[in-house]
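Each position in the sequence shown, counted from 1, maps to that position plus 31 in the working numbering.
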Amino acid sequence: MSDIAVLEKIVIVHVWEEEELDYETSEAYLIKPGYAVYVLTDAVHLARVERIYQTGLQRFYVEDRSTASIQLASYVTGDITVKIQEIVMKLLSKNALDWLTCDVMHGMTGGFEFETL
Numbered sequence: 032m033s034d035i036a037v038l039e040k041i042v043i044v045h046v047w048e049e050e051e052l053d054y055e056t057s058e059a060y061l062i063k064p065g066y067a068v069y070v071l072t073d074a075v076h077l078a079r080v081e082r083i084y085q086t087g088l089q090r091f092y093v094e095d096r097s098t099a100s101i102q103l104a105s106y107v108t109g110d111i112t113v114k115i116q117e118i119v120m121k122l123l124s125k126n127a128l129d130w131l132t133c134d135v136m137h138g139m140t141g142g143f144e145f146e147t148l
């Protein structure tokens, strides 16, 4: 495993209202097919996404609104790309049971905020 995660940059379309065309876009990083990490209001989120369009080098995805997203970190400052890579690498180095029992249930020692939105 390398020291840095190689993440594919994408654009996520966040649709706020189904009846009206109320949406926002944000830069995101595909961490594995169907899952992306993005920053919204200084918080890092992990969400399920679906590919909707591709033009040239840009790939557009929409958040899967039938599932919740997970807030991985809040009050993120500095280079967002580096912070996201650090979070992804930390998650890759743990199994789910270690992460839940060590980080989530014992004072968030990993610095992740586990919150379903």
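Each residue gets a CB set at the ideal place from its N, CA and C atoms; glycine is no exception.
Does Val-113 come out as helix, strand or coil in the three-state DSSP assignment? helix
Contact belief for Val-80 with Ile-43 at Cβ below 8 Å, rounded distance in angstroms: 6 Å
Status (buried if at least 16 other CB within 10 Å, exposed otherwise) for Gln-116: buried
For Ala-99, three-class secondary structure by DSSP: coil
Between the alpha carbons of Lys-125 and Thr-132, how many angstroms are there, rounded? 11 Å
What does Ile-43 pair with, by DSSP beta-bridge criteria? Ser-57 and Tyr-92
Would you mind reading off the limits of the beta strand (DSSP E) that contains Val-70? 66-71
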